[in-house]
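S.K.: Be aware that the sequence shown starts at 135, since it is given in our numbering, and climbs by one per residue.
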Amino acid sequence: SYSIAVLFKPMNRVTTASSPKTLLDLAREAGVSVRADCGGVGVCGKCVVKVLSVDGKVSSPTQKELELLGQGRVAEGFRLACQTLVFEGSVEVFIPSESLVQRYRSADVGLEKPVPLNPSTVSLWIRVPAPSLGDVRPDLDRVVDELKSRGIYVDPQLTPLDIVRVLPRICRDSGWSLDVVVREGVILDVRPHENGFRLLGAAVDIGTSRIVLHLVDLGSGETLAVESMPNPQAVYGADIISRLTYASKSDENLRKLSKIAVNAVNSLIDRACKRLGIPKDWVYEIVAVGNTVMHHLFAGIDVKYLGLAPYTPALGSPLTLRARDLGLDVNSNAVVYLPPVIAGFVGSDALADAVALDVDECREPCMLIDIGTNTEIVLNTGKKIFTGSTPAGPAFEGATMTFGMRASEGAIDQVFIYFDRDAGDYNVRYSVVGNTKPAGICGSGYIDVVANLYRLGLINRRGKFLRTVKSSRLVFEGVAGFIVAKAGETAIGRDIVVNEKDIDSLMLAKAAVASGISMLLRVAGLNADDIAKVYVAGSFGSYINIENAIAIGLLPRIPIDRYVFAGNASVVGAKAMLKSRAMKEKALRLSRSIEYVELAAHPEYKKVFLESLPLPPLPQEYSNHEDS
135 SYSIAVLFKP MNRVTTASSP KTLLDLAREA GVSVRADCGG VGVCGKCVVK
185 VLSVDGKVSS PTQKELELLG QGRVAEGFRL ACQTLVFEGS VEVFIPSESL
235 VQRYRSADVG LEKPVPLNPS TVSLWIRVPA PSLGDVRPDL DRVVDELKSR
285 GIYVDPQLTP LDIVRVLPRI CRDSGWSLDV VVREGVILDV RPHENGFRLL
335 GAAVDIGTSR IVLHLVDLGS GETLAVESMP NPQAVYGADI ISRLTYASKS
385 DENLRKLSKI AVNAVNSLID RACKRLGIPK DWVYEIVAVG NTVMHHLFAG
435 IDVKYLGLAP YTPALGSPLT LRARDLGLDV NSNAVVYLPP VIAGFVGSDA
485 LADAVALDVD ECREPCMLID IGTNTEIVLN TGKKIFTGST PAGPAFEGAT
535 MTFGMRASEG AIDQVFIYFD RDAGDYNVRY SVVGNTKPAG ICGSGYIDVV
585 ANLYRLGLIN RRGKFLRTVK SSRLVFEGVA GFIVAKAGET AIGRDIVVNE
635 KDIDSLMLAK AAVASGISML LRVAGLNADD IAKVYVAGSF GSYINIENAI
685 AIGLLPRIPI DRYVFAGNAS VVGAKAMLKS RAMKEKALRL SRSIEYVELA
735 AHPEYKKVFL ESLPLPPLPQ EYSNHEDS
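#1: Please classify lysine 155: does DSSP put it in a helix, a strand, or coil?
#2: On the CB-based measure, 16 or more other CB atoms within 10 Å of its CB, does valine 249 come out buried or exposed?
#3: Give the single residue among Gly597, Ala619, Ala533 and Arg595 whose Cα lies nearest to the Cα of threonine 790.
#4: So, at 6 Å on beta carbons, what are the nonlocal neighbours of leucine 203 in its own chain, with the 5 sequence-adjacent residues on each side left out?
#5: Using a 10 Å radius around the Cβ and a threshold of 16 neighbouring Cβ atoms, would you call glutamate 729 buried or exposed?
#6: Could you have a look at histidine 348 and say whether DSSP puts it in helix, strand or coil?
#7: For serine 382, which of Lys438, Pro364, Lys408 and Val396 has the nearest alpha-carbon?
#8: Determine whether the beta carbon atoms of asparagine 763 and glycine 424 lie at a separation below 7 Å.
#9: Quick check on leucine 339: buried or exposed, where buried means 16 or more other Cβ atoms within 10 Å of its Cβ?
#10: Relative to the C-alpha of proline 452, which residue among Arg555, Lys644 and Ala422 is closest?
#11: Name the residue from Phe479, Leu234 and Ser362 whose alpha carbon lies nearest to the alpha carbon of threonine 426.
#12: Hey, out of Ile680, Ile686 and Val706, whose CA is closest to isoleucine 694's CA?
#13: Look up valine 140 in the DSSP assignment and say whether it is helix, strand or coil.
#14: At what residues does the beta strand (DSSP E) containing asparagine 633 begin and finish?
#15: Going by DSSP in three states, cysteine 178 sits in which element: helix, strand or coil?
#16: Do three or more CB pairs link the stretch 395-403 to the stretch 305-317 at distances below 8 Å?
#17: Out of curiosity, what's the CA-to-CA distance linking leucine 301 and aspartate 273?
#18: Taking DSSP as the reference, what is the three-state secondary structure of glutamate 495?
#19: So, at 8 Å on beta carbons, what are the nonlocal neighbours of leucine 334 in its own chain, with the 5 sequence-adjacent residues on each side left out?
#20: Pull up the DSSP beta-bridge partners for cysteine 500, would you.
#21: Tell whether a beta-carbon distance below 7 Å holds between serine 187 and glutamate 226.
#22: Since arginine 540 and valine 369 should fall inside the 8 Å C-beta cutoff, what is the C-beta to C-beta distance between them, to a whole number of angstroms?
#23: What's the C-alpha gap between arginine 377 and serine 343?
#24: Taking the Cβ atom as the reference point for each residue, do phenylalanine 221 and lysine 198 lie within a distance shorter than 7 Å?
#25: Taking the Cβ atom as the reference point for each residue, do alanine 700 and leucine 410 lie within a distance shorter than 7 Å?
#26: Looking at the structure shown, is methionine 539 part of a helix, part of a strand, or coil, going by DSSP?
#27: Go ahead and pull the three-state DSSP assignment for valine 262.
#28: For glycine 173 versus glycine 371, is the C-beta spacing smaller than 7 Å?
#29: So, using beta-carbon positions, are tyrosine 669 and leucine 502 closer together than 7 Å?
#30: With a threshold of 7 Å between beta carbons, is aspartate 629 in contact with chain D?
#31: What are the uninterrupted segments assigned as alpha helix (DSSP H) that are 4 or more residues long and contained completely in the stretch 267-321, given in chain order?
#32: When burial is assigned at 16 or more other CB atoms within 10 Å of the CB, is lysine 720 buried or exposed?
#33: To which residues of the same chain is aspartate 494 closer than 7 Å at the C-beta, ignoring the five residues directly before and after it?
#34: Which residue wins for smallest C-alpha separation from arginine 276, given the options Leu689, Val603 and Val262?
#35: Spatial neighbours of alanine 448 within its chain, please: C-beta separation below 7 Å, excluding the five flanking residues on both sides.
#36: Given that a residue counts as buried once 16 or more other Cβ atoms are within 10 Å of its Cβ, and exposed if not, what is glutamine 217?
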């Protein structure tokens, strides 16, 4: 019997419990995705809810809530879901839209390259001679011999039992006219020949914040559908370390995170197949990539030791699994191929990036930067390939910012600040995802704000506001800040402000990426100027203003025409491996030849990180207030 009942509004979902639980846990159980960017430890302040009524007992506001929300908002009934325990009785809670995990736009596609079609999984239409008294070969042997005459060799001993069981009936019912699906010498299916049958495969990028799937016709190489969703594991933490910690606590937690990822892929496959009106059992191969933590969680592999020095993965080689063993709802004999991971924090997603962009073929030094919660960097000197990763943290996703949000509807994603001579004050122009009223700012918007404030001389190299500047947009009560959008024009009825704490968060994140780039160049004996091409990949990297990213020191100051936006290169690389055995082999070769560098363990790393913290000196045209 239960003693707790909570009604979540405006979605009107009810959940019950028999023992005390936090509102965050109860919301998760009700299927309400409340933001918990810090994993529910009470530091991000994103799980704000309003308690409408209590007929029973809930915990008193904590010190963390008073600090993050302020006395006034707490008095109005606002609470942090992760800090509010329900002990007994019924509670009614309203969840504001900014506290929900929202579908946000991202690069679901990337820089495509033509890949000659040569998939591991193929389908052949064969006509098999029927048995006679003069030819009494077994049914399976007939199929194997017919394939052999077409240059396809299979090992009959590896044929799945469920195929052998129904083979006699299928052969005779179809008049010995069969579609046979074969992968690497193994028969995956024997079905009566039908003209409309299409052999399908799926390429999946399991990102920390987003999962993207491309459904591919393996007969033609054509991409039939693209589907994506926010990674639903985010309710257990916005960054991989939070999820790794959660999964390490028990086998049950590990299974839970694994199941969430598998269910997400199932729902994307389901959506794609429904949209096309084709059966899911036509999907015979899935190539899935992700960072090492996502890779292990997807396959249900113990992640505990990825979080402990020296951060070793369970395996580095590729893994071929049966889809049904993972719980994937596709053909019962379908295969899942997980390409190699390189190290604890450089996964198969970075490898897929490198495959998609032919990083191994650069004649002159080239670099690939996949910017995200965990940023991976690959550098080809022209002779040798190095890789390393750096934990940028979730600042670029807006997680640690006062008004931070992902690039979902209502997020300010581009900002331009200028001095309006007529008004005698600073003015702001911005664009909002979905062309609605702004509710917050996403990572690309924060980069624009900081770069603009710096160029205009409103902040110094340490990101601190200059008290000498006069503007109605500058606020100096509490933490100094700059009003980007005034209360009257926002969806939340409050000023949207970027303050010094937000700037500090952004500077820490950009220093992590910048120092990673510097360290890798140092290890390779190169300078930034030596790089002929820089590929910027990842969904976050697709929306940033390169000039502003250079101005704050996130990216090296080299000519802008050397930068190439690659979009979601990971899913493109996964798709290349799905369509071509040669690409799988290329990935395997690359994974063995790339030299992994543990950047944070390098003796000079701390020094380089500290040097990367301040904003870089401004170029000549702004130099009048460079060090003010």
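Each residue gets a CB set at the ideal place from its N, CA and C atoms; glycine is no exception.
The model shown is predicted, which means the values in this text are computed figures rather than measured ones.
M.R.: Quick answer:
#1: When DSSP states are grouped into helix, strand and coil, lysine 155 belongs to the strand group.
#2: By the 10 Å Cβ count, valine 249 comes out buried.
#3: Nothing about residue 790 can be read from this structure; the chain reaches only from 135 to 762.
#4: Phe212, listed in sequence order.
#5: Glutamate 729 should be labelled exposed.
#6: Note: histidine 348 maps to strand in three-state DSSP.
#7: Per the C-alpha coordinates, the member of Lys438, Pro364, Lys408 and Val396 positioned closest to serine 382 is Lys438.
#8: Only positions 135 to 762 of the chain appear in the structure, and residue 763 is not among them; the question remains open.
#9: Looking at the sequence provided, one finds aspartate at residue 339 rather than leucine. Counting Cβ neighbours within 10 Å, aspartate 339 comes out buried, since at least 16 surround it.
#10: For proline 452, the nearest C-alpha among the options comes from Ala422.
#11: The candidate whose alpha carbon is nearest that of threonine 426 is Phe479.
#12: Minimum Cα distance to isoleucine 694 is reached at Ile680.
#13: In the three-state reduction of the DSSP assignment, valine 140 falls in the strand class.
#14: Segment 630-633, the beta strand (DSSP E) holding asparagine 633.
#15: Coil.
#16: No, the stretch 395-403 does not touch the stretch 305-317.
#17: Cα to Cα, leucine 301 sits roughly 7 Å from aspartate 273.
#18: Three-state result, glutamate 495: helix.
#19: If we look at leucine 334 and ignore the five residues flanking it on each side, its Cβ neighbours are Leu349, Val350, Asp351, Leu352, Leu358, Ile412, Trp416, Val417 and Tyr418.
#20: Answer is Asn514 and Lys667.
#21: Yes, the Cβ-Cβ distance between serine 187 and glutamate 226 is below 7 Å.
#22: Contact between arginine 540 and valine 369 is absent: CB atoms are separated by about 14 Å, not below the 8 Å threshold.
#23: The alpha-carbon atoms of arginine 377 and serine 343 are separated by roughly 12 Å.
#24: Contact flag unset, no.
#25: When the beta-carbon positions are compared, alanine 700 and leucine 410 stay at least 7 Å from each other.
#26: Methionine 539 falls in the coil class under three-state DSSP.
#27: DSSP places valine 262 in the coil class of the three-state scheme, outside both helix and strand.
#28: Using a Cβ distance threshold of 7 Å, glycine 173 and glycine 371 count as a contacting pair.
#29: Yes, these two residues count as a Cβ contact at 7 Å.
#30: The structure shown contains no chain D; it is built from a single protein chain.
#31: Those alpha helix (DSSP H) runs which fall completely within the stretch 267-321 and span 4+ residues are 273-283 and 295-307.
#32: When all chains shown are included, lysine 720 counts as buried.
#33: Within the same chain, aspartate 494 has close Cβ partners Ala488, Asn514, Ile519 and Leu724.
#34: The candidate whose alpha carbon is nearest that of arginine 276 is Val262.
#35: Closer than 7 Å at the Cβ level, and outside the excluded window around alanine 448, lie His430, Ile435 and Asp436.
#36: The residue in question, glutamine 217, is buried, as its Cβ has 16 or more Cβ neighbours within 10 Å.
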